[in-house]
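Asker: In terms of our numbering, the sequence shown has 797 at position 765, counting the first letter as 1, and numbering is strictly consecutive.
Backbone N, C-alpha and C define an ideal beta-carbon position, used for all residues, glycine too.
Everything numeric in this text was worked out from a predicted model, so none of it was measured.
First the structure, which I've put down as structure tokens, then a few questions once you've had a look.
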Amino acid sequence: MQQTSKLTDRPLTWHSLVVALLLTALALAIRLPRLDVFITPDEPKWVCRSVNFYRGLRAGDLTQTRQTGHPGVITMWLGAPLMDVSLDEPWLEVCRNPSISDIIEEHGPERPRELGRLLFAARRGVVLFTSICLGLSVLLLARLFGLRIAAVAGVLLLLDPFLTAHSRLLHLDAVTTHLMLLGTLCLMLARRSSRWVWWVLSGAASGLAVINKSPAMFMIAFAGLVIGSEWLTKRSSFQVAAGRMALWLGALTLAAFVAWPAMWVEPRATLKLVLDTAFFYAGHPHANSNYFWGAPRPDPGVAFYPVALAFRLTPLSMLGLVLASVWLVRKHERRTDLWVVGAFVLFYAVFMTLGQKKFDRYLLPVLPFVHILAAVGLWGAVGWLCARFPRRLRQWAMPLTVAVLVVGLAFTGSGVLARRPYYLTYYNPLLGGIRAARHVLLVGWGEGLEQAAAYLNSQLDERSGTASSRALPGFAPFYDGSAVHESSYDPATVRYVVSYINEVQRRLEPEMLGRYYDRGNPIHVVAIDGIDYVYVYENQATQTAIDIIATNADPERDAVLLGRPSTFSEDYAGDLPVYVVDPLATQDEVLEELDQIRGVADRVWFVDYWHKNPSPLARWVEHQLRTHGAVSMREEPLDVVVTAFELDDEVSFLDRTPARQVDIDYGPLVLESYALAPGQGRFGSGAGISFTWRVEQPIDHYYQLYLHVLDDAGQRWGQGDTWLLDESLRPTVEWVAGSRVEHHAAIQLAPEIMPGRYRMLLGLRDRLGDEHPVARNAAGQELGLEVDLGEIEVLPSPWFGQAQTRPMHDETISLAQGLDLVGWGQVVDDIYPDERLAVVLYWRAVGETRPDYAVELSLVGADGEAIALERDDVSTAYPTSAWRSGELLAATYGLTVPADAPWSSATLQVRLASPSGEPNDSEAELAEIAVRGRLLHEPQPEFSQRATLGDQIVFLGYDLDDQASPDGVASITLYWQALEDVGADYTVFRHLLDASGLVKGQLDSPPMGGRRPTSTWRAGDYVAEHYAVPVDADAAPGDYRVEIGMYEPANDNQRVPLAVDGQRQQDDRLLLDTPVRIVAATG
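Structure below.
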């Protein structure tokens, strides 16, 4: 090897050629075998892009060479020639849309397998190109640093697992890396020798790198830095430096232009696409997030690349890099070249850190330069060790130290080659290898998915075997069955779920991870280097449904109905007939089939699978079953719902009432009509109601519909509350103006509802903003917040006894033969004259026969006399003689308190009467009720304190609970007497005052809450009114006074003059003598 003392490039020798050829051959030997093992996520796209690229060239449509903004031009040039396929084959039209999931859906599962075969052939082009580039790089390194350093650097490049892995892929990074390496080495040679050819070659290689991957535009800035440094250090003039830069840029532009045909026809659009893509990726993190240091992170931050580089180095390269630091600071003839190499590593890493989207492979271009530095460091260490040998052993120094270096290289090579063909799984063993890396970096790029596919291929039989995987590009080409993306997961048809390690790290598709990975129990795991990469799960939804039905079904009376086609039909081997809802059937056809099923089965097991986009027809079918049958069992295991519906001959699916036109206007929404199906309601099935809405204008609210079923007393016996959604489950804010929407609601009826006729009350509300729209009729008249839709008839239920509501007062009392009172509802504590008392009574039929009873409800005073009494049939629509044994029913009964009812304490009693009208001897006392009626005698207040209000009213005194608590109530009863007829309506005020006179509780209202206004008081009347005055929450413990008085709202709230012993009181108020003590609440 010729030595020169001047700082010029070293001439090429045959030794250099031999070493370069040898390393090229070794690179081919390492990189070519087993190219058909696994597929990375983007490679099928690059197969299609390569095909489209060449098809565009053949057709003369050069714009087709602009497939993406990455742009990947050199990768596409390399892709198609070695594919062993005629580009004229019609099936290659699938590449117009290179999405694997779309290709499978549109063209079948065999197309991804064919793309896989093309990919494995196309990879050979990248292997050949990168291997040749490796040999060329060694030749250039030999000219720069000498053959020995070049050889060591070449071996380190050859054995770099990360570079080797990417050099076997039809992708961008390895091709771009080698072009940037060649461009930089030529740039270094140009700087040294000043020969124009090196400037041209450097620019050309950099231009090819730029049109392969846009981050290679870094080369423009780096070349400017190198050339500018020559001028700044006065090694060249400004004119020379500018000329060199112009020559370099010209070569870059020409190479990019010539190599990319799209630039020939649409250069501006092509450049814009590249720049827009580059800036987009730099300004946005990866759409699927990233993973760094134990957590998903969209942008891993500035520490990412240094950590990733450390994990991707081999121990030998890391040692060499440390040793090279010595040569970077020592003065020697190649130090400037080393600084150029080091500058590339530093500035490119900083450049890539500026972007938000970060992956370890984005730092691949710095690895060759790291290995160059490492080679300098290692060979420098060899020279340093040789100089330290004793003189007598110096002849052995070089062979021994070189042997040590060779052993280190061999050891590194064995560690790398041990990972073949999964070179990407190599991580620096000094840092813990892959076991540590999986907790720090995103791991896995398709390795192992082909093993999972092979396992599932061995499990396939005559049944369908659809598998779901988010890593579809790496899985589908190896799988013999049908595969779908996880976003299209459907438990009705998917048998297997395949999860990948980097999905788990980033928690992608968290719902799917929650279904399978988080629950454990995979049927197969693919492990590489002791780390679980792929998890294969079997979807148990169908088998679980089968097990539920097998355990609980009766073959003599049951049938199975599937909400949509599923694997259940293939897997079920039981005795029950299985029906499937045809997704293309009309609603009328489905109703006919449901009624046919009702004719052969008493119970239907409806199996419905979860789906992120539920089938409107399946939801409608379940609605029909729910409103025509009674649910006797419901199980909701993972991803499937199994519901048993009891059917009955009396309830036909074809029973529908004609639509009733109502035209109720809610502003942007108009209810045109509704219809009941079936026409009557029953407990168990309830009733179904269908609404037709007309959308007048865009809607700003998420409306919910509520429908209440009420009796004449206003007691609720059923309801149907539901969000207003169209058939596609879109809320009202997404409804389109001018459209009509059909909405179905199920009315659930109370188990104890008495057969008869009930009112339906409809209202809307915004569940997010609590807005209640006012309804209007077609003429624009206000109907209020709730609209009476008319009546619904409730018939006796064939499913009585399946469920019962526990009454508030649960007590069984036998009142007559064949009929027990089994409880009653809430009863008021007090009641006023002319008010109606209502109570819900619960009955149970005992035995098979009983007469038609009437119920007698009475309010009995302390003297045993009835203050009020009313009698009515227990049920008019469903007489007790027709009740079935064990049937439990309830209804609202009431009585009205007479206007002249006295002030007294009374007992609410109930008894039954026979058809002849004779009351039964047995009675039930339900509650004690205070009748706040007329006082027939002057009352005796607990605290006497008199005052006069005007000339008409005397205050007699009061009863008072002398203790209350903050945020509680102070109980008080006031007693009055009318001296003469009071013609005006006054309001009584009752204020609770603290020691400083501040109001800490207040209640202003007409007497008896308006039930006994002062305008009805007549001379001589005594009036008592009982109230609970609210106490403020911030009332401090202590004694409080109560002030009372009256004012007249019609007279500008003027207070009625109040006097004590003829002396008018200040502010026309009376302070009661007895204080109320506020004590802190306990417990």
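Let's test the definition: count the other Cβ atoms within 10 Å of the Cβ of K24 and tell me whether it reaches 16, buried, or not, exposed.
Answerer: In the structure as shown, the chain starts at 33 and stops at 1115, and residue 24 therefore has no counterpart that could be examined.
Asker: Give me the DSSP bridge partner(s) of L94.
Answerer: BP columns for L94 are empty, so no partner.
Asker: Hey, would you say the C-beta of A909 is under 6 Å away from at least one heavy atom of the ligand PLP?
Answerer: Of ligands this structure carries none, so the ligand PLP is not represented either.
Asker: Between the Cα of L110 and the Cα atoms of V126, N244, G186, M220, which residue gives the shortest distance?
Answerer: Ranking V126, N244, G186, M220 by Cα distance to L110 puts N244 first.
Asker: Please report the residue range of the beta strand (DSSP E) in which G1077 lies.
Answerer: Here the beta strand (DSSP E) through G1077 covers 1070 to 1080.
Asker: Considering only C-alpha positions, which residue in the set L679, V653, W652, A650 is nearest to V663?
Answerer: Of the listed residues, the one whose Cα sits closest to V663 is L679.
Asker: Where V872 and A922 are concerned, what is the direct C-alpha to C-alpha distance, given to the nearest angstrom?
Answerer: For V872 and A922, the distance between alpha carbons rounds to 7 Å.
Asker: So the beta strand (DSSP E) L1032 belongs to, where does it begin and stop?
Answerer: Position check: residue 1032 holds Lys in this sequence, whereas Leu was assumed. Where K1032 is concerned, the enclosing beta strand (DSSP E) stretches over 1031 to 1037.
Asker: Quick check: the Cα distance between S937 and G893, rounded to an integer number of angstroms?
Answerer: The alpha-carbon atoms of S937 and G893 are separated by roughly 6 Å.
Asker: Any idea what DSSP makes of Q736, helix, strand or coil?
Answerer: In this structure, Q736 counts as strand in the three-state DSSP scheme.
Asker: Per DSSP, what are the beta-bridge partners of W1049 in this structure?
Answerer: Paired residues: none, contrary to the question.
Asker: By how many angstroms is the C-alpha of T912 removed from the C-alpha of V986?
Answerer: Roughly 54 Å between the two C-alpha positions.
Asker: Run through the DSSP bridge pairs and tell me what V663 is partnered with.
Answerer: V663 is bridged to F677.
Asker: Span of the beta strand (DSSP E) holding M792?
Answerer: Here the beta strand (DSSP E) through M792 covers 788 to 798.
Asker: Specify, as a first and last residue, the run of the beta strand (DSSP E) that Y532 falls within.
Answerer: First-last of the beta strand (DSSP E) with Y532: 526 to 532.
Asker: Would you kindly check if the distance between the Cβ of L488 and the Cβ of V566 is under 7 Å?
Answerer: Against a cut-off of 7 Å, the Cβ pair of L488 and V566 comes out as no contact.
Asker: Name the two residues that bound the continuous alpha helix (DSSP H) containing V610.
Answerer: First-last for V610: 610 to 612, but that is the beta strand (DSSP E), not the alpha helix (DSSP H).
Asker: Taking 8 Å as the limit between beta carbons, can you name the residues of its chain near V472, skipping five residues before and five after?
Answerer: So the qualifying residues of the chain are F324, W325, G326, V339, F343.
Asker: Are the beta-carbon atoms belonging to L889 and L796 less than 7 Å from one another?
Answerer: Not a contact, by the Cβ cut-off of 7 Å.
Asker: What is the C-beta distance between E570 and M544, in whole angstroms, given that I count them as a contact (C-beta under 8 Å)?
Answerer: Not confirmed; about 14 Å, so no contact.
Asker: Mapping the DSSP letters down to three states, classify R1096 as helix, strand or coil.
Answerer: Reduced to three states, the DSSP call for R1096 is strand.
Asker: Given A294, which residues of its chain have a CB within under 7 Å of its CB, disregarding the five upstream and five downstream residues?
Answerer: Result list for A294: L94, T95, T97, R98, T302, in chain order.
Asker: Starting from E621, trace the alpha helix (DSSP H) both ways and give me its first and last residue.
Answerer: Taken as a continuous stretch (DSSP letters only), the alpha helix (DSSP H) holding E621 covers 619 to 632.
Asker: Could you compute how far the alpha carbon of G282 sits from the alpha carbon of V229?
Answerer: Looking at the two C-alpha atoms, the distance is approximately 13 Å.
Asker: Less than 7 Å between the beta carbons of A241 and L211, yes or no?
Answerer: Going by C-beta atoms, A241 is nearer than 7 Å to L211.
Asker: Excluding five sequence neighbours on each side, which residues of the same chain lie with their C-beta closer than 7 Å to the C-beta of E960?
Answerer: So the list reads S937, T939, once near-sequence residues are dropped.
Asker: According to DSSP, is E19 part of a helix, a strand, or is it coil?
Answerer: The chain is shown only over 33 to 1115; residue 19 falls outside these bounds and no answer can be derived.
Asker: Suppose contacts are defined by Cβ-Cβ distances below 7 Å. Is R1050 in contact with Y864 by that definition?
Answerer: No, the pair does not count as a contact, with Cβ atoms beyond the cut-off.
Asker: If I measure Cβ to Cβ from N916 and keep anything under 7 Å in the same chain, skipping five residues before and after, which residues do I get?
Answerer: Sequence check: residue 916 is Arg here, not Asn. Same-chain partners within the cutoff: F832, A877.
Asker: Could you please give the first and the last residue of the uninterrupted beta strand (DSSP E) stretch that includes W856?
Answerer: Looking at the DSSP string, the run of the beta strand (DSSP E) that includes W856 is 851 to 856.
Asker: So, at 6 Å on beta carbons, what are the nonlocal neighbours of D116 in its own chain, with the 5 sequence-adjacent residues on each side left out?
Answerer: Around D116: A153.
Asker: Using beta-carbon positions only, say whether Q836 and P787 come within less than 7 Å of one another.
Answerer: It is not a contact, given that the beta carbons lie outside the stated cut-off.
Asker: State the CB to CB distance for the pair L1006 and T1106, rounded to an integer number of angstroms; the pair is presumed to be in contact (CB under 8 Å).
Answerer: Not really, about 13 Å apart at Cβ, beyond 8 Å.
Asker: Report the CB separation of P400 from T209 in whole angstroms; it is logged as a contact under 8 Å.
Answerer: That belief holds up - the Cβ atoms of P400 and T209 are roughly 7 Å apart, short of 8 Å.
Asker: When the cut-off is 7 Å and only beta carbons count, does G879 lie next to chain D?
Answerer: No chain D is present in this structure, which holds just one protein chain.
Asker: When you compare each of S1003, R651, V402, P505 to R145 by their alpha carbons, which one comes out closest?
Answerer: Comparing Cα positions, the closest option is P505.
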